[in-house]
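Notes follow the structure.
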Amino acid sequence: MKVELKKGATLKMPTHCLSLARGEGNQFYASCFDGGIYSVPDTRWKKPVRLAEHQNYASGVNWSPTTRHLVSAGYDGRLVWTNPDEKKITREVKAHDFWSWQSAISPDGTRIASSTGQYLCGGHKYEPAPEKEPSVKVFEVHTGKQTHAFEHVPPVESVAFSNNGKFLAAGNLMGEVRVWDLTTGTEAARIKTANFTGWGIIKGHYFTGGVFALAFSPDDSEIFLAGMGSTRDPAAGNGKQLWERWKWQGGKVEKTGSANDGEIGQGLMETLAFHPGGKIFAMAGRLFKGQWNTAIFDLETGSRLAQADTKMRVSKAIWNEEGSRLYLAGSSGQPKERKDLEKPDWGRVKVLEVEIS
Amino acid sequence: MSRKQQDCGNPEHGLHRRRFLEGMTAGAISSLSWSGLFSNPAFAETARKQQKRCILLWLCGGPSQFETWDPKPGTSTSGPFGSIPTSIPGIHFSELMPKCASIAHRTAVIRSMKTSAREHTQAINLLQRGHKPRPPFTRPTLGSVLSQQLGQLGSSIPNFILLDPCPEGNEFKGFKAGNWAGWLGAQYSPVRTGGEFRIPHVNKLDSITEGDHEAREELRSFFSKKFENDTRSEAASSHNAVYERVKGLMSCAHLFDLERLPRKDRDRYGPGTFGQHTLLARTLVEEGAPFVMVANGMPWDCHVFNHEIYQMVVPDLDNIIYQLHCDLEERGMLEDTLVVAMGEFGRTPWLNAARGRDHYPNAWSLTMFGSGIAEGAVVGATDKLGFDVTGQAYDEQNLFATIFAALGINPHTEFNIPTLPDFHYVEDNSEPIKEVLA
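Chains as they are written, first to last, in our numbering: chain A, 3 to 359; chain B, 16 to 453.
This is the structure in structure tokens:
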């Protein structure tokens, strides 16, 4: 298989985009630092339209086809339901006392999950303190009613539904992924990997990193994890650009592969996205050192098939419906000049044209 | 014992600096230079008698003013943390500091620090020594000067203690390996310990008796002192100073043992190493140590993961400062103990591409409380986005002058070392930040 990436449109957004969602007809929506939920323009000549807002960073936006609503989450700990056609908020639910780090919607659009948890000092080596509230919650999209509350060790940075909608996985700072059976409400598996977490030897004695992104393989037999490889300097961001894959079913948890050392550089990887065709996946984030911040990998072999450096920190990657474009949301940081700092146009959605042969 | 109780009943406080100031008319104060104030011999003697002490919580790496003492809620530079009201009407701290907010009226905050060094090595030196380098001379650090001024000759407990449980620390590691005491000499260098970096070899061997041990030391001391005097050797002088220090350490090694501290106290300060060593600092000043510096590597240098790390380290610091204030007050030590919490600079108003904040010396904050400090003082301000100081800015020299003044030391004292040019504790007649002083 051959994959080629070409630079496509660059769309200006008000502030850093933490998340993207694809609605009907390849309409994309973004959640931004300024708390706004925006419709992403389809050309650089248009401006994003603000649809809803959170009282703090908007960390996630999700499209529910069954209700034709957006369900967003934010650092205000709230879930917000928005009708994008009417630009109207229809429901708000207080989900957490702290941030919603990440949110995910079930493939059928009926359930929304959100993860939370503040990193607080819990030990001599600054191990995370136990949670003060359930770190992962699931709500019905139709009603806003909470259906599940799961325990984890905060902060829980990532959450994902299985493709069949029956399982939920959530990963934390310490590299622990818990998988729950949503039918029974019980824990189905627990993955532990030390490879995404750094403990500061050089600058400070605390933990950084963790599992920033999770995705089930198309057949749900494996869970893919992404983040940054362990580093001695927790504040440098110079760990490996890393993904790992784990088998998790049948009572046996086993690592089955990871990114090849020769194909990766250094930097935090924040997002994973499986291609609609199910044979390749994208991983993207920030480049610290190396050649790319976005790469396409072969699902079967794990080999890197294509790469690009989009010159920004990518927080979310998502394919268009046809799988011919990869949308990347993020920014290159705030402007450093005082006069520019208050201009809300430093977020970006960049599009890569993808040719697969 | 509360401040009020102390003021009412203790005759030792009859000549306290605060009383001295209160006894003067406002006009008299305003017409005096600070040098003039400190030239009063009664004042200086009084300050020395009071056994002033200082704890420096060294927030190495450069803490963000936005996530601590100078939040900018609702602006493009605020980051994701909000602000909360403090016990001073109209003054807000970061929401990560609820405990410090509750005692804001008992502490002082300076929001208008503006310094020149934007890299760690230069900035650490600047904020530890109080002045830019002037090669080939090495200016002593604040701790070295204070250990000389506040310490007791022959004290068994070291006059300058550095507690640093993180032995590494990039540029700070380099600084730690350098010359702390400068022209004052090795006897004013810190005794360094903390975490796994313990003081080695301070226990007398069981194989020799106490008498033998003392006899050997007397013999060593006799020859070594003779050599020092005969050759006027600075190296021998430093060597002898180290031996004197080791003798002291052997007698007080137990004071450095965290395990001996009550569990309930250790729990209050939190389980992290910074809190535990701040508690140790409190016990050491209680035992007579005049200057203790607590560091913990460079945890505040968050070019990446800024919010992810600050959500943990700031609440940790918040609790530590609060517990320390409560303890010093409860023990009646607040009047005589100055606590300063600061780093070498602040952080940028903007978030970089990694969503971190970079070094920023242009406008930053710190806090201090205790000896000689005006309670509830909030000095200076920054503009709407935190880009620059509005009004009067203060630099490292003003800060050092303030610290010296708060401890009853004339900031403009000349170092009395014949082989040196005219150096002063603080140069250029830089004045203390008067609003911070009680």
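Cβ atoms here follow ideal geometry from the backbone N, Cα and C, with glycine treated the same way.
Proximity of Ile99 of chain B to chain A, defined by a Cβ-Cβ separation below 8 Å, is not satisfied.
Proximity of the stretch 81–101 of chain A to the stretch 122–133 of chain A falls short of the contact definition, fewer than three beta-carbon pairs being nearer than 8 Å.
Each of B:Ser117, B:Ala192, B:Gln202 was checked against the Cα of Ala250 of chain B, and the nearest Cα belongs to B:Gln202. Taking C-beta atoms as the reference points, Ala11 of chain A and Asn64 of chain A fail to come closer than 8 Å.
Ranking B:Asp227, B:Asp410, B:Ala116 by CA distance to the CA of Pro104 of chain B puts B:Ala116 first. Using beta-carbon distances, Arg288 of chain A counts as an interface residue toward chain B, with a partner under 8 Å. Residues of chain B whose Cβ lies closer than 7 Å to the Cβ of Arg340 of chain A are, in chain order, Leu400, Phe402. With 16 or more other Cβ atoms from the protein chains shown falling within 10 Å of its own Cβ, Lys129 of chain B counts as buried. Taking C-beta separations shorter than 7 Å and ignoring five residues to either side along the sequence, the partners of Ile125 of chain B in its chain run Ser380, Leu381, Val394, Gly395, Tyr409, Ile448, Val451, following chain order. At a beta-carbon threshold of 9 Å, none of the residues of chain B lie near Arg24 of chain A; the nearest stands roughly 24 Å away.
Taking CB atoms only, Glu272 of chain A has no neighbour in chain B less than 8 Å away.
Assigned with DSSP and collapsed to three states, Cys19 of chain A falls in strand.
For Phe218 of chain A, the closest C-alpha among the options A:Gly212, A:Phe226, A:Gly211 is that of A:Phe226. Thr363, Pro364, Trp365, Leu366, Asn367, Ala368, Ala369, Arg370, Gly371: these are the residues of the stretch 356–389 of chain B whose beta carbon lies less than 8 Å from some beta carbon of chain A, given in chain order. Between Gly358 of chain B and Trp315 of chain B, the beta carbon gap of about 6 Å places them in contact (Cβ cut-off 8 Å).
Identification of chain A residues near Pro330 of chain B by a Cβ-Cβ cut-off of 7 Å yields Leu122, ordered along the chain.
Taking a Cβ-Cβ threshold of 7 Å, none of the residues of chain A is close to Asn444 of chain B; the smallest such distance is about 33 Å.
Taking the Cα positions, Pro155 of chain B is about 11 Å away from Leu141 of chain B.
Membership of Gly259 of chain A in the beta strand (DSSP E) is indicated by the continuous run 256–260. Nearest CB-CB separation between Asn85 of chain A and chain B: not below the 8 Å threshold. For Tyr77 of chain A, the closest C-alpha among the options B:Gly97, B:Ile388, B:Asp85 is that of B:Gly97. Within the same chain, Cβ atoms closer than 7 Å to the Cβ of Ser93 of chain B are found at Phe81, Pro86, Lys87, the five residues on either side in sequence being excluded. Val143 of chain A is not a Cβ neighbour of Gly167 of chain A, given a cutoff of 8 Å.
Distance from the Cα of Gly189 of chain B is smallest, within the candidate group B:Glu232, B:Gly312, B:Ala119, B:His322, for B:Gly312. Within the stretch 84–135 of chain B, the alpha helix (DSSP H) runs of at least 4 residues that lie entirely inside it are, in chain order, 113–117. When secondary structure is reduced to three states using DSSP, Ile336 of chain B falls in the helix class.
A Cβ-Cβ distance of about 17 Å is found for the pair Gln143 of chain B and Ile424 of chain B, leaving them out of contact under the 8 Å criterion. Of the other Cβ atoms in all chains shown, 16 or more fall within 10 Å of the Cβ of His277 of chain A; this residue is therefore buried. At least one C-beta of chain A is nearer than 8 Å to the C-beta of Gly285 of chain B.
Three or more pairs of CB atoms, one per stretch, sit closer than 8 Å, so the stretch 149–161 of chain A contacts the stretch 172–179 of chain A. With a threshold of 8 Å between beta carbons, Asp282 of chain B makes no contact with chain A. Within chain B, not a single residue places a beta-carbon under 8 Å from that of Thr233 of chain A; the smallest gap is close to 10 Å. In the three-state DSSP reduction, Trp365 of chain B falls in the coil class, being neither helix nor strand. Residue environment for Ser266 of chain B: exposed (fewer than 16 other C-beta atoms within 10 angstroms of its C-beta). With a threshold of 8 Å between beta carbons, Asn58 of chain A makes contact with chain B. Within chain A, no residue has its beta carbon less than 8 Å from that of Thr405 of chain B; the closest one is some 13 Å off.
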